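A short write-up of the structure that comes next.
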Amino acid sequence: MRVVTGFSLSVAHCLFGHALGWDQQPDGYEVIDRPKSFEDLETWRQEWGMWKKMELITNRYDPEDSCTVYNLPQTQWTQQNFLQVFVMMSDRLIYDRETQQYTVDKYVKEMTKRVGPFDSVVLWSGYPNSGIDNRNQWELMRNLPGGIEGLKGVIKDFHDNDIKIILPFNPWDTGTKSEKGKEGMVRMYTADIETIYSLVQELGADGINGDTMYGVPKSFYNCSNPLVASPEGGVPSAYLNNNPLSWGYYYGFSNFPPVARAKYLEVRHMVQLCARWSLDRTSELQMAFFNGAGYVVWENVWGIWNAMTEREDITTKIIFTILHKFGTIVSTGNWIPYYNWKGEEVYTSAFTLPTDESLYTIISTMESSTSYEIPLPSSQSGDDVRVYDVYHGVELQKETGSSTNGTVIKINLEPRGFGAVYVTKTGGDLSSFLTEMQTLTSKPLADYSMQRDLLQQVMNPNANSTMGDNADSSEMVLISGMFAYEFNVSGVQIEPVSAWTPTFAQFGTGVQFPWEDRPSNTHSANLMFPDFMIDKYPVTNSQYLTFLKASGYVPKSLQRFLDHWENRQGENPALWTIPAGLEQTPVVNVAVEDATAYANYYGKRLPKDQEWQYVASNGALNDPYPWGSEFDAAKLPKVYHGQELPQLAPVGSNKISRSKSFDVEDLTGYIWQMTDYFCDAHTCGVLLRGGSCYSPIPSTLADPNWFPLCQKRQCGDALMIRIPSHLQE
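Below you can see the structure in the form of structure tokens.
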């Protein structure tokens, strides 16, 4: 933390997303490609039917085994866990930073209104900010507002709404601090398995999401105390009997729609399609409906908002209302994909129970409306059979058609639309359900907007303009301004990756300054700088204690506030003590509100981002580094890669990394420094500058960019990280 007085304006940032560092799997291994033409369909059925038989034999898969996860009563909820929502715990819809309260009921109400009832949530807590210090993924979870008890409350609130809880597991997180009592254990996976089982039980969670994992290994599975595991990268056949869920990133196919490989092998397996950077989710929703599979609603992607459109919302609500209603059929029935396909751009899956009760899920990839004829088998052609268009909510009459048995039903499909037909002999009252579907489909999908607006950001939305009367300009440096400073900066963007997200420029990655009309990762502006003053050194522990004693300041929450101090008993932090030797080191473990309170008390404020860069780049010289134009690692503080944080040297110890024009110290590779604060409707974050002398090493499963690094031109004036607000302490 460093504070300034005077005027300013500007910035940039990076949000760390998933990099291409996963174990390799064959392209398209999660899917079975559609036959090229309907002439190939019978051959396709024979060949893939034989493959399925041999694949299950080779992997010794026994669907009747009492220990297979699908046969255990306590895990069978997964078979109809169709709709999952990915929740960033920093999202303003689920946590109110002003009141310090979680707002689960508000979240559930809003999402249900938009996409209908959902079955589970992934509560994401650490990444992409894992590695900002040495806390491991489990500590970051425990350090959420309210701690373990607060998280228990969140889980209870979701459970009260009949929503299951999936916790994230990052297997690559091996470079941060080990769990207490597990220092000598192998992190991946021995120690992690123990921690996962303990946490799931303590919190009352329902399962884990295996981040970056191609299948969660059998070592995680205990038949007498089963853990529901959902690997992000899909599930290889060897893990099919212990992974009841998996995400589906459906790439690598040539012909649409592909078949979900895992569900083809075991119809009870729930694949949840996921495409967080998609700009046309209709394709993923069609694949999900065709396969009788699930879907992950993911809009807050590491703080970048990729909204569902109005049409995508209503489509999700419609198709999963149907799949929820007939979940038993699609999760246990005999599945025939490409039913009666004749080469047209309409594709049907038939799911049938032994009682001849069937659900036909239909999708059209045509750009125009069409009438579609579905032949019924002879067992469903009798007078005792009733047929319903459950998409539109009406009963259908069987007709004589051109099929072999002569009995067909006809439905109408919208452009790129959906259809569903339910066939039954058992009857049952469907009136309320049919009425619901009539209401949901009263307007054609084309009437709903596909507009996908970027969220607008506000800089320093809660800035307090009232400064205290205790102005103190000691240890400050006068910075001479200039009329036209070329402010050019780019954040380090890990995701979306241009190589596999060609539409990356359309997302609101980065921040939005007051003079800009949208968030961006690159910024260029010609700025005028009047003279201003900035602290020569980062604020020290000693200075902050003096502030606490003089002001009587107490934050709204003491959780992790000055967590490195000693004797933290009681609710008056002015009585706490600084560990010996840390008096003149930078104060850490403070939130942006705590830093702002300090600055305001002394008639100052946090520096604007462009002020920080102006100083670090030597003003008019506009150098890439505080010391000049060339990178020199010798001018950086020593970087520590271990599991423990190094003890920081006193401020001013690293003279060679000072700004050569302004004599401001400790700018680079020493301690993260706060600048501007940005909020949109879902995420608030503070921009950090300067880098850190701590950088944990992730596992070999991952690219180094799993953790925020500061190397070469990313240092000094070029690296900016936007930290979601719940991680700022």
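Read left to right, the sequence shown gives residues -21 to -1, 1 to 708 (mature numbering (1 follows the signal peptide of the UniProt record, and there is no 0)). All C-beta atoms in this analysis are idealised placements derived from N, C-alpha and C, irrespective of residue type, glycine included. Here the structure is a predicted model, which is why all the values come from computation and not from measurement.
- The beta-bridge partner set that DSSP reports for C658 consists of V437, C663.
- Around D659, the same chain offers L434, Q436 as residues with beta carbons nearer than 6 Å, after the five sequence neighbours per side are excluded.
- The C-alpha of S452 lies about 45 Å from the C-alpha of D432.
- In this structure the region 236 to 251 lies against the region 8 to 20, because at least three pairs of beta carbons, one per stretch, are closer than 8 Å.
- Excluding residues up to 5 positions away in sequence, V48, L51, Q53, T54 lie with their Cβ nearer than 7 Å to the Cβ of P205 in the same chain.
- As the crow flies, the alpha-carbon of S198 is around 56 Å from that of A529.
- Rounded to whole angstroms, the gap between the alpha carbons of V250 and W479 is 22 Å.
- Of the residues Y580, L585, K639, the one whose Cα lies closest to the Cα of Y604 is K639.
- Rounded to the nearest angstrom, the gap between the Cα atoms of K389 and S350 is 7 Å.
- For P440 and Y656, the gap between their C-alpha atoms comes out near 8 Å.
- Rounded to whole angstroms, the gap between the alpha carbons of F330 and Y218 is 25 Å.
- Within its own chain, the residues whose Cβ lies closer than 6 Å to the Cβ of A399, once the five positions on either side in sequence are excluded, are I301, T340, V369, Y370, listed in chain order.
- The three-state secondary structure of K389, taken from DSSP, is strand.
- Here A399 is bridged, per DSSP, to T340.
- Between L264 and Y229, the beta carbon gap of about 12 Å keeps them out of contact (Cβ cut-off 8 Å).
- Around the beta carbon of N546, fewer than 16 other beta carbons sit within 10 angstroms, so the residue counts as exposed.
- With a minimum length of 3 residues, the unbroken runs of beta strand (DSSP E) contained wholly in the region 153 to 236 fall at 186 to 189, 208 to 210, 224 to 227.
- In the three-state scheme derived from DSSP, where H, G and I count as helix and E and B as strand, W103 is classed as strand.
- Rounded to the nearest angstrom, the gap between the Cα atoms of L413 and G372 is 4 Å.
- For the 8 Å CB-CB criterion, V567 and P552 do not form a contact.
- N188 is not a Cβ neighbour of F232, given a cutoff of 8 Å.
- In the structure shown, D368 falls within a strand segment according to DSSP collapsed to helix, strand and coil.
- With contacts defined by Cβ atoms closer than 8 Å, P498 and T488 form a contacting pair.
- With 16 or more neighbouring CB atoms inside 10 Å of its own CB, W314 falls in the buried class.
- Residue pairing by DSSP leaves D335 without any beta bridge partner.
- Between V618 and C672 a beta carbon distance of about 6 Å is seen, short of the 8 Å cut, so the two are scored as contacting.
- In the three-state reduction of the DSSP assignment, Y649 falls in the coil class.
- By the neighbour-count criterion, in which 16 or more other beta carbons inside 10 Å mark a residue as buried, P509 falls on the exposed side.
- The closest CA to that of Y317, considering only W281, K304, P354, is found on P354.
- Closest in C-alpha terms to Q116, from the list L178, I473, V643, E324, comes L178.
- Contact check between the region 466 to 474 and the region 88 to 105: fewer than three CB pairs, one atom from each, fall below 8 Å, which does not count as touching.
- Annotation: N467 is outside any alpha helix (DSSP H); the continuous beta strand (DSSP E) that includes it extends over 461 to 469.
- If you draw a 10 Å sphere on the C-beta of F462, you find fewer than 16 other C-beta atoms in it, and that means exposed.
- In this structure, A450 places its C-beta atom within 8 Å of the C-beta atom of G582.
- Here DSSP, grouped into helix, strand and coil, assigns V325 to strand.
- Taking each of V402, N391, E393 in turn and checking the Cα distance to T334, the smallest one comes out for V402.
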